[in-house]
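Enquirer:
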(Lines of atoms letter the chains of each structure in order from A; the text may use other names.)
(Lines give C-alpha, C1' and ligand atoms only; values in the text may rest on other atoms or scores of the structure.)
Protein backbone atom coordinates (compact mmCIF):
# COMPACT_ATOMS: atom_id res chain seq x y z
CA UNK A 1 0.00 0.00 0.00
CA UNK A 2 1.10 3.56 -0.63
CA UNK A 3 -0.36 6.87 0.47
CA UNK A 4 0.68 10.50 0.63
CA UNK A 5 -0.28 11.02 4.28
CA UNK A 6 -0.36 8.10 6.70
CA UNK A 7 -2.05 8.66 10.06
CA UNK A 8 -1.45 6.03 12.74
CA UNK A 9 -4.12 6.05 15.44
CA UNK A 10 -7.79 6.91 14.93
CA UNK A 11 -8.53 8.68 18.19
CA UNK A 12 -9.64 12.33 18.23
CA UNK A 13 -6.18 13.61 17.26
CA UNK A 14 -5.59 11.17 14.42
CA UNK A 15 -9.09 11.31 12.96
CA UNK A 16 -9.16 15.11 13.15
CA UNK A 17 -5.80 15.34 11.37
CA UNK A 18 -6.96 12.88 8.72
CA UNK A 19 -10.25 14.72 8.14
CA UNK A 20 -8.66 18.16 7.80
CA UNK A 21 -5.91 16.83 5.51
CA UNK A 22 -8.38 15.01 3.25
CA UNK A 23 -10.55 18.12 3.00
CA UNK A 24 -7.45 19.96 1.78
CA UNK A 25 -7.23 17.49 -1.08
CA UNK A 26 -4.52 15.19 0.24
CA UNK A 27 -4.49 11.40 -0.15
CA UNK A 28 -4.85 10.13 3.43
CA UNK A 29 -4.87 6.65 4.98
CA UNK A 30 -5.97 6.26 8.61
CA UNK A 31 -4.85 3.11 10.46
CA UNK A 32 -5.87 1.89 13.90
CA UNK A 33 -4.77 -1.18 15.82
CA UNK A 34 -8.34 -2.07 16.78
CA UNK A 35 -11.62 -2.61 14.96
CA UNK A 36 -14.20 0.12 15.40
CA UNK A 37 -16.07 0.91 17.48
CA UNK A 38 -13.43 0.49 20.16
CA UNK A 39 -12.93 1.89 23.67
CA UNK A 40 -10.13 3.89 25.28
CA UNK A 41 -9.45 4.77 28.95
CA UNK A 42 -10.73 8.31 29.41
CA UNK A 43 -12.84 10.51 31.63
CA UNK A 44 -14.98 11.33 28.57
CA UNK A 45 -15.27 15.01 29.47
CA UNK A 46 -15.65 17.55 26.67
CA UNK A 47 -14.78 21.11 27.68
CA UNK A 48 -16.11 24.12 25.75
CA UNK A 49 -12.74 24.20 23.95
CA UNK A 50 -13.30 20.65 22.72
CA UNK A 51 -16.87 21.53 21.72
CA UNK A 52 -15.56 24.45 19.64
CA UNK A 53 -13.14 22.18 17.77
CA UNK A 54 -15.79 19.51 17.20
CA UNK A 55 -18.07 22.18 15.81
CA UNK A 56 -15.35 23.39 13.43
CA UNK A 57 -14.71 19.80 12.37
CA UNK A 58 -18.35 19.26 11.51
CA UNK A 59 -19.31 16.94 14.33
CA UNK A 60 -21.65 19.45 15.96
CA UNK A 61 -24.80 17.67 14.83
CA UNK A 62 -23.68 14.52 16.63
CA UNK A 63 -22.58 16.33 19.78
CA UNK A 64 -25.87 18.22 20.15
CA UNK A 65 -27.60 14.89 20.75
CA UNK A 66 -25.38 14.26 23.77
CA UNK A 67 -25.83 15.38 27.38
CA UNK A 68 -24.96 19.02 27.97
CA UNK A 69 -23.50 20.44 31.15
CA UNK A 70 -23.49 24.00 32.41
CA UNK A 71 -20.18 23.85 34.22
CA UNK A 72 -18.39 22.29 37.16
CA UNK A 73 -19.71 21.37 40.57
CA UNK A 74 -16.57 21.45 42.74
CA UNK A 75 -16.72 19.85 46.19
CA UNK A 76 -14.21 19.50 48.97
CA UNK A 77 -13.01 20.77 52.33
CA UNK A 78 -16.57 21.34 53.52
CA UNK A 79 -17.62 23.42 50.52
CA UNK A 80 -19.58 22.89 47.30
CA UNK A 81 -19.28 25.48 44.55
CA UNK A 82 -21.12 25.74 41.24
CA UNK A 83 -18.83 27.17 38.56
CA UNK A 84 -20.47 27.87 35.17
CA UNK A 85 -18.36 27.61 32.04
CA UNK A 86 -17.00 31.12 31.42
CA UNK A 87 -18.26 31.44 27.83
CA UNK A 88 -16.70 34.44 26.12
CA UNK A 89 -15.06 33.40 22.86
CA UNK A 90 -15.80 29.72 23.59
CA UNK A 91 -19.16 27.89 23.75
CA UNK A 92 -20.92 28.23 27.10
CA UNK A 93 -21.54 24.52 27.54
CA UNK A 94 -19.64 21.26 27.81
CA UNK A 95 -20.55 17.63 27.38
CA UNK A 96 -19.41 14.08 28.03
CA UNK A 97 -19.43 11.18 25.62
CA UNK A 98 -17.96 7.68 25.97
CA UNK A 99 -14.86 7.25 23.84
CA UNK A 100 -16.46 4.14 22.36
CA UNK A 101 -18.93 6.48 20.67
CA UNK A 102 -16.91 9.71 20.36
CA UNK A 103 -13.94 8.21 18.52
CA UNK A 104 -16.25 6.36 16.16
CA UNK A 105 -18.18 9.55 15.37
CA UNK A 106 -15.04 11.60 14.64
CA UNK A 107 -13.59 8.79 12.53
CA UNK A 108 -16.79 8.73 10.46
CA UNK A 109 -16.30 12.44 9.77
CA UNK A 110 -12.83 11.59 8.44
CA UNK A 111 -14.16 8.79 6.25
CA UNK A 112 -16.84 11.11 4.85
CA UNK A 113 -14.01 13.47 3.89
CA UNK A 114 -12.47 10.73 1.74
CA UNK A 115 -9.96 9.15 4.11
CA UNK A 116 -9.05 5.50 3.45
CA UNK A 117 -9.56 3.43 6.63
CA UNK A 118 -7.50 0.44 7.73
CA UNK A 119 -8.31 -1.48 10.93
CA UNK A 120 -6.66 -4.20 12.97
CA UNK A 121 -3.04 -3.30 12.19
CA UNK A 122 -0.61 -2.29 14.95
CA UNK A 123 2.40 -0.14 14.00
CA UNK A 124 5.61 -1.77 15.19
CA UNK A 125 8.48 -0.37 13.12
CA UNK A 126 9.48 1.94 10.28
CA UNK A 127 11.64 1.84 7.18
CA UNK A 128 13.82 4.86 6.41
CA UNK A 129 15.04 6.06 3.06
CA UNK A 130 18.58 7.20 2.29
CA UNK A 131 17.77 10.72 3.53
CA UNK A 132 16.59 9.52 6.95
CA UNK A 133 12.92 10.10 6.21
CA UNK A 134 10.24 7.56 7.06
CA UNK A 135 9.54 5.67 3.86
CA UNK A 136 7.10 3.09 5.25
CA UNK A 137 5.52 1.96 8.49
CA UNK A 138 5.58 -1.72 9.39
CA UNK A 139 2.37 -3.15 10.84
CA UNK A 140 1.41 -6.51 12.30
CA UNK A 141 -2.05 -8.00 12.65
CA UNK A 142 -3.47 -10.39 15.27
CA UNK A 143 -1.93 -13.37 13.44
CA UNK A 144 1.52 -11.68 13.38
CA UNK A 145 1.36 -11.10 9.65
CA UNK A 146 3.37 -8.12 8.44
CA UNK A 147 2.12 -5.28 6.26
CA UNK A 148 4.03 -2.23 5.03
CA UNK A 149 2.32 1.01 4.13
CA UNK A 150 4.55 3.42 2.22
CA UNK A 151 4.01 7.12 2.75
CA UNK A 152 5.40 10.53 1.96
CA UNK A 153 4.43 11.98 5.35
CA UNK A 154 3.44 10.44 8.66
CA UNK A 155 1.30 11.60 11.58
CA UNK A 156 1.66 9.56 14.78
CA UNK A 157 -1.45 9.59 16.98
CA UNK A 158 -1.18 6.26 18.77
CA UNK A 159 -1.85 7.53 22.29
CA UNK A 160 -0.07 7.96 25.60
CA UNK A 161 2.19 4.91 25.24
CA UNK A 162 2.95 5.65 21.58
CA UNK A 163 4.78 2.51 20.57
CA UNK A 164 5.52 4.00 17.16
CA UNK A 165 6.69 7.20 18.81
CA UNK A 166 9.25 5.25 20.82
CA UNK A 167 10.52 3.61 17.64
CA UNK A 168 11.01 7.10 16.19
CA UNK A 169 12.85 8.35 19.29
CA UNK A 170 10.12 9.84 21.43
CA UNK A 171 11.14 10.05 25.11
CA UNK A 172 8.90 10.76 28.10
CA UNK A 173 10.56 12.83 30.86
CA UNK A 174 9.00 12.21 34.26
CA UNK A 175 10.73 14.91 36.26
CA UNK A 176 7.64 17.08 35.80
CA UNK A 177 4.16 16.09 36.95
CA UNK A 178 2.40 13.19 35.28
CA UNK A 179 -0.93 11.57 35.98
CA UNK A 180 -2.23 8.16 36.92
CA UNK A 181 -5.97 7.69 36.59
CA UNK A 182 -8.74 5.13 36.32
CA UNK A 183 -12.30 5.35 35.10
CA UNK A 184 -15.37 3.12 35.04
CA UNK A 185 -19.05 3.25 34.13
CA UNK A 186 -22.03 2.68 36.39
CA UNK A 187 -25.80 3.23 36.23
CA UNK A 188 -27.00 6.37 37.98
CA UNK A 189 -30.34 7.97 38.81
CA UNK A 190 -28.64 11.32 38.12
CA UNK A 191 -27.31 10.51 34.66
CA UNK A 192 -28.94 13.69 33.35
CA UNK A 193 -27.47 15.97 36.03
CA UNK A 194 -26.65 19.35 34.41
CA UNK A 195 -23.22 19.66 36.10
CA UNK A 196 -20.05 17.63 35.86
CA UNK A 197 -18.70 17.02 39.34
CA UNK A 198 -15.19 17.01 40.72
CA UNK A 199 -14.33 16.12 44.31
CA UNK A 200 -11.14 18.02 45.01
CA UNK A 201 -10.63 16.46 48.43
CA UNK A 202 -9.81 12.96 47.26
CA UNK A 203 -9.03 10.62 50.14
CA UNK A 204 -7.65 7.13 50.03
CA UNK A 205 -8.80 4.03 51.87
CA UNK A 206 -6.88 5.15 54.97
CA UNK A 207 -8.42 8.65 54.81
CA UNK A 208 -5.15 10.07 53.51
CA UNK A 209 -5.42 13.20 51.33
CA UNK A 210 -4.26 12.52 47.77
CA UNK A 211 -2.96 15.03 45.24
CA UNK A 212 -5.75 14.49 42.75
CA UNK A 213 -9.50 14.44 42.40
CA UNK A 214 -12.46 12.17 41.87
CA UNK A 215 -14.96 12.87 39.13
CA UNK A 216 -18.46 11.99 38.04
CA UNK A 217 -19.46 12.98 34.52
CA UNK A 218 -23.16 12.45 33.64
CA UNK A 219 -23.60 10.85 30.21
CA UNK A 220 -27.34 11.36 29.83
CA UNK A 221 -27.96 7.73 28.85
CA UNK A 222 -28.53 6.21 32.27
CA UNK A 223 -24.82 5.99 33.08
CA UNK A 224 -22.11 8.17 34.52
CA UNK A 225 -18.37 8.05 34.00
CA UNK A 226 -16.79 7.81 37.45
CA UNK A 227 -13.10 7.91 38.11
CA UNK A 228 -10.10 9.01 40.14
CA UNK A 229 -6.80 10.57 39.19
CA UNK A 230 -3.70 11.58 41.09
CA UNK A 231 -0.56 13.50 40.22
CA UNK A 232 2.97 12.21 40.58
CA UNK A 233 6.58 13.10 39.86
CA UNK A 234 9.84 11.20 40.10
CA UNK A 235 10.36 12.75 43.54
CA UNK A 236 6.79 12.15 44.71
CA UNK A 237 5.44 9.00 43.01
CA UNK A 238 1.77 8.06 43.27
CA UNK A 239 1.68 4.95 45.40
CA UNK A 240 -1.99 4.07 45.02
CA UNK A 241 -3.98 1.05 43.94
CA UNK A 242 -6.20 2.68 41.31
CA UNK A 243 -8.80 -0.08 41.13
CA UNK A 244 -9.13 -0.15 44.90
CA UNK A 245 -9.32 3.64 45.04
CA UNK A 246 -12.00 3.72 42.33
CA UNK A 247 -14.12 1.22 44.26
CA UNK A 248 -13.62 3.22 47.46
CA UNK A 249 -14.62 6.50 45.80
CA UNK A 250 -17.66 4.86 44.18
CA UNK A 251 -18.86 3.56 47.54
CA UNK A 252 -18.58 7.07 48.96
CA UNK A 253 -20.76 8.49 46.17
CA UNK A 254 -23.22 5.63 45.78
CA UNK A 255 -26.10 7.07 47.81
CA UNK A 256 -25.78 10.69 46.70
CA UNK A 257 -25.51 9.81 43.01
CA UNK A 258 -28.05 6.96 43.16
CA UNK A 259 -25.50 4.54 41.77
CA UNK A 260 -26.84 1.13 40.94
CA UNK A 261 -25.00 -2.11 40.29
CA UNK A 262 -21.32 -2.78 39.85
CA UNK A 263 -18.61 -0.83 38.07
CA UNK A 264 -18.12 -1.72 34.41
CA UNK A 265 -15.17 -1.32 32.05
CA UNK A 266 -12.72 -0.15 34.71
CA UNK A 267 -9.58 0.98 32.89
CA UNK A 268 -6.48 2.83 34.07
CA UNK A 269 -3.64 4.67 32.39
CA UNK A 270 -0.50 6.71 33.04
CA UNK A 271 -0.48 10.12 31.36
CA UNK A 272 2.51 12.15 30.19
CA UNK A 273 1.43 15.74 30.64
CA UNK A 274 2.34 19.26 29.67
CA UNK A 275 4.50 18.40 26.68
CA UNK A 276 6.92 16.42 28.85
CA UNK A 277 8.20 14.51 25.83
CA UNK A 278 11.04 15.06 23.39
CA UNK A 279 11.34 13.74 19.88
CA UNK A 280 7.92 14.91 18.69
CA UNK A 281 8.92 15.38 15.05
CA UNK A 282 11.32 14.30 12.34
CA UNK A 283 11.94 15.22 8.71
CA UNK A 284 8.56 14.00 7.49
CA UNK A 285 6.68 12.94 10.62
CA UNK A 286 4.88 14.53 13.58
CA UNK A 287 3.42 13.33 16.89
CA UNK A 288 0.02 14.75 17.88
CA UNK A 289 -2.34 14.57 20.84
CA UNK A 290 -1.51 12.24 23.73
CA UNK A 291 1.49 10.86 21.85
CA UNK A 292 3.05 14.33 22.03
CA UNK A 293 2.24 14.71 25.74
CA UNK A 294 -0.53 17.21 25.01
CA UNK A 295 -2.49 16.59 28.21
CA UNK A 296 -3.51 19.27 30.71
CA UNK A 297 -1.27 18.91 33.81
CA UNK A 298 -3.97 20.32 36.08
CA UNK A 299 -6.95 18.17 35.16
CA UNK A 300 -5.73 15.37 32.88
CA UNK A 301 -7.91 16.51 29.97
CA UNK A 302 -6.59 15.74 26.50
CA UNK A 303 -9.43 15.55 23.98
CA UNK A 304 -9.37 19.25 23.13
CA UNK A 305 -5.58 19.19 22.67
CA UNK A 306 -5.92 16.12 20.47
CA UNK A 307 -8.46 17.80 18.22
CA UNK A 308 -6.44 21.02 18.08
CA UNK A 309 -3.06 19.42 17.37
CA UNK A 310 -4.63 17.25 14.67
CA UNK A 311 -5.97 20.41 13.05
CA UNK A 312 -2.60 22.18 13.35
CA UNK A 313 -0.73 19.22 11.88
CA UNK A 314 -3.04 19.11 8.87
CA UNK A 315 -2.45 22.82 8.29
CA UNK A 316 1.29 22.22 8.31
CA UNK A 317 0.90 19.39 5.79
CA UNK A 318 -0.73 21.80 3.35
CA UNK A 319 2.02 24.45 3.72
CA UNK A 320 4.19 24.10 0.59
CA UNK A 321 7.02 26.08 2.20
CA UNK A 322 7.56 23.45 4.93
CA UNK A 323 9.54 20.43 3.76
CA UNK A 324 11.05 19.40 7.11
CA UNK A 325 9.00 19.10 10.29
CA UNK A 326 11.94 18.44 12.65
CA UNK A 327 12.13 21.89 14.20
CA UNK A 328 8.98 23.50 12.81
CA UNK A 329 6.50 21.22 14.60
CA UNK A 330 8.04 21.46 18.12
CA UNK A 331 8.16 25.24 17.66
CA UNK A 332 4.47 25.36 16.72
CA UNK A 333 3.52 23.26 19.77
CA UNK A 334 5.68 25.38 22.06
CA UNK A 335 4.20 28.61 20.73
CA UNK A 336 0.67 27.24 21.09
CA UNK A 337 0.95 25.52 24.48
CA UNK A 338 4.41 26.13 25.94
CA UNK A 339 3.62 28.98 28.33
CA UNK A 340 0.46 27.39 29.71
CA UNK A 341 2.06 23.95 30.01
CA UNK A 342 5.12 25.31 31.80
CA UNK A 343 3.23 27.12 34.55
CA UNK A 344 0.63 24.35 34.80
CA UNK A 345 3.36 21.72 35.24
CA UNK A 346 4.91 23.83 37.99
CA UNK A 347 1.58 24.20 39.80
CA UNK A 348 0.82 20.50 39.40
CA UNK A 349 4.20 19.67 40.88
CA UNK A 350 3.35 21.76 43.94
CA UNK A 351 0.21 19.70 44.46
CA UNK A 352 2.35 16.59 44.90
CA UNK A 353 4.34 18.15 47.75
CA UNK A 354 3.15 16.71 51.08
CA UNK A 355 1.09 19.24 53.04
CA UNK A 356 0.54 21.69 50.17
CA UNK A 357 -3.03 20.64 49.40
CA UNK A 358 -3.90 20.32 53.08
CA UNK A 359 -2.88 23.93 53.63
CA UNK A 360 -4.13 25.65 50.50
CA UNK A 361 -7.08 23.48 49.46
CA UNK A 362 -9.48 24.87 52.08
CA UNK A 363 -8.39 28.44 51.26
CA UNK A 364 -9.26 28.06 47.59
CA UNK A 365 -12.56 26.32 48.21
CA UNK A 366 -13.76 29.15 50.44
CA UNK A 367 -13.69 31.59 47.52
CA UNK A 368 -16.10 31.41 44.58
CA UNK A 369 -14.00 34.09 42.87
CA UNK A 370 -10.73 32.16 43.16
CA UNK A 371 -12.30 28.91 42.06
CA UNK A 372 -13.93 30.61 39.06
CA UNK A 373 -10.46 31.76 38.01
CA UNK A 374 -9.10 28.29 38.72
CA UNK A 375 -11.73 26.67 36.50
CA UNK A 376 -10.76 28.93 33.63
CA UNK A 377 -7.00 28.44 33.85
CA UNK A 378 -7.06 24.80 34.92
CA UNK A 379 -9.64 23.93 32.28
CA UNK A 380 -7.64 25.37 29.37
CA UNK A 381 -10.37 27.95 28.81
CA UNK A 382 -8.19 30.96 28.02
CA UNK A 383 -8.40 31.42 24.27
CA UNK A 384 -5.69 33.11 22.21
CA UNK A 385 -7.93 36.10 21.52
CA UNK A 386 -8.68 36.70 25.24
CA UNK A 387 -7.00 39.93 26.41
CA UNK A 388 -8.57 40.38 29.86
CA UNK A 389 -6.53 40.69 33.06
CA UNK A 390 -6.70 36.98 33.97
CA UNK A 391 -5.48 35.97 30.51
CA UNK A 392 -2.62 38.49 30.69
CA UNK A 393 -1.57 37.36 34.17
CA UNK A 394 -1.65 33.69 33.11
CA UNK A 395 0.53 34.36 30.07
CA UNK A 396 2.94 36.52 32.09
CA UNK A 397 3.29 33.73 34.66
CA UNK A 398 3.92 31.27 31.84
CA UNK A 399 6.68 33.41 30.35
CA UNK A 400 8.35 33.68 33.75
CA UNK A 401 7.97 29.95 34.38
CA UNK A 402 9.41 28.76 31.09
CA UNK A 403 12.62 30.74 31.69
CA UNK A 404 13.37 28.47 34.64
CA UNK A 405 12.46 25.16 32.98
CA UNK A 406 15.36 22.74 32.84
CA UNK A 407 13.52 21.15 29.94
CA UNK A 408 10.87 23.35 28.29
CA UNK A 409 7.78 21.64 26.87
CA UNK A 410 8.40 19.51 23.76
CA UNK A 411 12.19 19.55 24.13
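Numbering (our numbering), first residue to last: 1 to 411.
Even glycine gets a Cβ: it sits at the ideal position worked out from N, Cα and C.
Roughly how many whole angstroms lie between the Cα atoms of residue 215 and residue 321?
Expert: Cα to Cα, residue 215 sits roughly 45 Å from residue 321.
Enquirer: Rank 78, 97, 161 and 378 by C-alpha distance to the C-alpha of residue 268 and give the top, closest one.
Expert: The candidate whose alpha carbon is nearest that of residue 268 is 161.
Enquirer: From which residue to which residue does the beta strand (DSSP E) around residue 392 run?
Expert: Taken as a continuous stretch (DSSP letters only), residue 392 belongs to no beta strand (DSSP E), being part of the alpha helix (DSSP H) at 389-403.
Enquirer: Thinking C-alpha only, which one of 119, 30 and 247 is nearest residue 186?
Expert: The residue with the shortest Cα to Cα distance from residue 186 is 247.
Enquirer: Exposed or buried, residue 82, counting other C-beta atoms within 10 Å across all chains shown (16 or more means buried)?
Expert: Answer is exposed; the Cβ neighbour count stays below 16.
Enquirer: Going by other Cβ atoms of all chains shown within 10 Å of its Cβ, with 16 needed for buried, is residue 53 buried or exposed?
Expert: The residue in question, residue 53, is buried, as its Cβ has 16 or more Cβ neighbours within 10 Å.
Enquirer: How do the stretch 174-189 and the stretch 131-141 stand: do at least 3 beta-carbon pairs fall below 8 Å, yes or no?
Expert: No, they do not touch.
Enquirer: Please list the segments of the alpha helix (DSSP H) lying wholly inside the stretch 194-233, counting only runs of 4 or more residues, in order along the chain.
Expert: The qualifying runs do not exist here; there are none.
Enquirer: Pick out whichever of 264, 120, 193 and 374 has its Cα sitting closest to the Cα of residue 10.
Expert: It is 120 whose Cα lies nearest to the Cα of residue 10.
Enquirer: Could you tell me which whole beta strand (DSSP E) segments of length 3 or greater appear in the stretch 107-132?
Expert: Runs found: 116-119 and 122-128.
Enquirer: Starting from residue 83 and walking both ways along the beta strand (DSSP E), at which residues does that stretch end?
Expert: Residue 83 -> beta strand (DSSP E) spans 79-84.
Enquirer: Any idea if residue 189 is buried or exposed, counting beta-carbon neighbours within 10 angstroms, 16 or more meaning buried?
Expert: The residue in question, residue 189, is exposed, as its Cβ has fewer than 16 Cβ neighbours within 10 Å.
Enquirer: Between the Cα of residue 202 and those of 62, 337, 111 and 78, spot the shortest distance and give me the residue it belongs to.
Expert: Checked all of 62, 337, 111 and 78; the closest Cα to residue 202 is 78.
Enquirer: Less than 8 Å separating the beta-carbons of residue 158 and residue 123?
Expert: Against a cut-off of 8 Å, the Cβ pair of residue 123 and residue 158 comes out as a contact.
Enquirer: Mapping DSSP to helix, strand and coil, what is residue 191?
Expert: In the structure shown, residue 191 sits in coil (DSSP, three-state: anything other than H, G, I, E or B).
Enquirer: What do you get for residue 224, buried or exposed, if any count of 16 or more other CB atoms within 10 angstroms of its CB means buried?
Expert: That one is buried.
Enquirer: What runs of the alpha helix (DSSP H), each 4 residues or longer, lie entirely inside the stretch 12-93?
Expert: The stretch 12-93 contains these whole alpha helix (DSSP H) runs: 12-23, 48-57 and 60-63.
Enquirer: Report the rounded CA-to-CA distance for residue 72 versus residue 142, giving the unit in angstroms.
Expert: Taking the straight line joining both Cα atoms gives about 42 Å.
Enquirer: In chain order, what residues of the same chain lie with their CB nearer than 8 Å to the CB of residue 59, ignoring the 5 residues before and after it?
Expert: Correct list, in chain order: 105, 106 and 109.
Enquirer: Out of 230, 31, 23 and 19, state which residue places its alpha-carbon closest to the alpha-carbon of residue 446.
Expert: Here the chain covers residues 1 to 411 and nothing more, so residue 446 does not appear.
Enquirer: Residues in the same chain with beta-carbon distance under 6 Å from residue 343, minus the five sequence neighbours each way, listed in chain order, please.
Expert: Only 397, 398 and 401 meet the Cβ criterion.
Enquirer: I'd like to check one pair, residue 333 with residue 292: are the Cβ atoms closer than 8 Å?
Expert: For residue 292 and residue 333, yes; Cβs fall inside 8 Å.
Enquirer: Kindly indicate the opening and closing residues of the beta strand (DSSP E) around residue 365.
Expert: Taken as a continuous stretch (DSSP letters only), residue 365 belongs to no beta strand (DSSP E), being part of the alpha helix (DSSP H) at 356-365.
Enquirer: Who are the near neighbours of residue 350 in its chain, counting only those whose CB is closer than 7 Å to its CB and skipping five residues on each side?
Expert: Excluding sequence neighbours, residue 350 sits near 356.
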